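Undergrad: I have a structure I would like to understand better, so I am pasting it below and will then ask my questions one at a time.
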Amino acid sequence: GQQVMQIPQYQHVQEGEDFTTYCNSSTTLSNIQWYKQRPGGHPVFLIQLVKSGEVKKQKRLTFQFGEAKKNSSLHITATQTTDVGTYFCAGGMLNSGNTPLVFGKGTRLSVIA
Amino acid sequence: ETGVTQTPRHLVMGMTNKKSLKCEQHLGHNAMYWYKQSAKKPLELMFVYNFKEQTENNSVPSRFSPECPNSSHLFLHLHTLQPEDSALYLCASSQGAGTNTYEQYFGPGTRLTVT
């Protein structure tokens, strides 16, 4: 089936360091969404990117959608302990009919104070 | 956040039991989803309902039976489960489902343990 690959699976950083997670699809996506799940919590929607090459920022978070609409990245500048959690990308598939988003396996971020 | 609620939050059941998970969304959405989250497969889509009609069933074993009586409520009926079915079961809703994908709003989940 259609898959969205996400790397790395785990990332440990010192507080204040930057963090990036990458998402790749073998097929062109209609859009990409990002979610954050805190430990013990549930996924919470962060943002959606639709246009080729789109870049969006939310405070210290920068989201990019590739020109070919097959890859995306989430970059966090100067991580804080509140950034701890698992970050999921989710790709909207073209010609999906009623098939919803396809989620990546997530990147679990640990921040050491 | 109280847009999507799930009950119970925790459930322990034996392999011969029958139980049901309930999900309710208060967002006026038309699509609802069941996901299974475990260490092996972080977010595994199980079922999709769009306007009360089941549109997706990702090869889920028949011991899981969904029910969607209206756009606001979704149930997952469980019977004769296996220990490997122990996981966090997440319900989600969105404005719709399909090519115009919308963001999904997740409930807090039901932590299921099968003994």
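Heads up: the sequence lines are chains R and X, in that order. Just so we're aligned: 31 in our numbering is position 31 of the first sequence, and the numbers increase by one with no gaps anywhere. All you need for our numbering is the position in the second sequence, starting with 1, plus 113. C-beta atoms are modelled at their ideal positions from N, C-alpha and C, and glycine is treated no differently. Source: prediction; values computed, not measured.
1) Quick check: R/K70 and R/S25, are their CB atoms within less than 8 Å of each other?
2) According to a CB-to-CB cut-off of less than 7 Å, which residues of the region 133-145 of chain X neighbour chain R?
3) State the DSSP-derived secondary structure class of R/T81, mapped to helix, strand or coil.
4) Got a sec: is the Cβ-Cβ distance from R/F45 to anything in chain B below 8 Å?
5) Report yes or no: do three or more beta-carbon pairs, one from the region 129-138 of chain X and one from the region 29-43 of chain R, lie closer than 8 Å?
6) Along chain R, which residues have their Cβ under 7 Å away from the Cβ of X/E216?
7) Is the separation between the beta-carbon of X/F219 and that of X/V117 shorter than 8 Å?
8) State the DSSP-derived secondary structure class of X/P196, mapped to helix, strand or coil.
9) Against X/P155, what residues of chain R qualify as contacts under a CB-to-CB distance less than 8 Å, listed in chain order?
10) Could you tell me which uninterrupted beta strand (DSSP E) segments, each at least 3 residues in length, are contained entirely in the region 114-187 of chain X, listed from first to last along the chain?
11) By DSSP, does X/Y215 sit in helix, in strand, or in coil?
12) Please tell me whether X/Y162 and X/C204 are closer than 8 Å, where the distance is taken between their beta carbons.
13) With distance defined between alpha-carbon atoms, name the residue in X/F160, X/T120 and X/S175 nearest to X/T168.
14) Relative to the alpha-carbon of X/L201, which residue among X/P155, X/C181 and X/M126 has its alpha-carbon at the smallest distance?
15) Take X/L158 as the anchor and find which of R/Q11, R/G104 and R/Y87 has the nearest alpha-carbon.
16) R/E54: which of R/G41, R/Q64 and R/F45 sits nearest, CA to CA?
17) CB X/S185 to CB X/E137, shorter than 8 Å?
18) Here's the rule: buried if 16 or more other CB atoms are within 10 angstroms of the residue's CB, otherwise exposed. What is R/V102?
TA: Answer, in terms of the structure:
1) Taking the first sequence and counting its residues from 1, one reaches residue 70 of chain R at position 70. Taking the first sequence and counting its residues from 1, one reaches residue 25 of chain R at position 25. Their beta carbons are under 8 Å apart, which means R/K70 touches R/S25 by this criterion.
2) Going along the region 133-145 of chain X in chain order, one finds no residue with a Cβ nearer than 7 Å to chain R.
3) In the first sequence, the residue the question calls residue 81 of chain R occupies position 81. Note: R/T81 maps to helix in three-state DSSP.
4) Any reference to chain B falls outside this structure, whose protein chains are R and X.
5) At 8 Å Cβ cutoff, the stretches do not touch.
6) On the second sequence, position 103 is the one that residue 216 of chain X refers to. Here the neighbours are Q33, F45 and Q48.
7) On the second sequence, position 106 is the one that residue 219 of chain X refers to. On the second sequence, position 4 is the one that residue 117 of chain X refers to. Yes, they are a contact pair.
8) Along the second sequence, read from residue 1 onward, the residue named residue 196 of chain X stands at position 83. X/P196: helix per DSSP, three-state reduction.
9) In the second sequence, residue 155 of chain X corresponds to position 42, counting from 1. Correct list: T86, F88, F103, K105 and G106.
10) For the region 114-187 of chain X, the full-length beta strand (DSSP E) segments reaching 3 residues or more read 117-120, 123-126, 131-138, 144-150, 157-163, 166-170 and 177-183 along the chain.
11) Reading the second sequence from its first residue, position 102 is the one you call residue 215 of chain X. Here X/Y215 carries a coil assignment [DSSP, helix/strand/coil].
12) As a working note, residue 162 of chain X is residue 49 in the second sequence. As a working note, residue 204 of chain X is residue 91 in the second sequence. Not in contact: X/Y162 and X/C204 (Cβ atoms no closer than 8 Å).
13) In the second sequence, counting from the first residue as 1, residue 168 of chain X sits at position 55. Checking every option, the nearest Cα to that of X/T168 belongs to X/F160.
14) Residue mapping note: residue 201 of chain X aligns to position 88 of the second sequence, counting from 1. Comparing alpha carbon positions, the residue from X/P155, X/C181 and X/M126 closest to X/L201 is X/P155.
15) Position 45 of the second sequence holds residue 158 of chain X. Comparing Cα positions, the closest option is R/G104.
16) Working through the first sequence from its first residue, we reach residue 54 of chain R at position 54. Ranking the options by Cα distance to R/E54, first place goes to R/Q64.
17) Counted from its first residue, the second sequence places residue 185 of chain X at position 72. Counted from its first residue, the second sequence places residue 137 of chain X at position 24. It is a contact, given that the beta carbons lie within the stated cut-off.
18) Counting from 1 along the first sequence, the entry for residue 102 of chain R is found at position 102. That one is buried.
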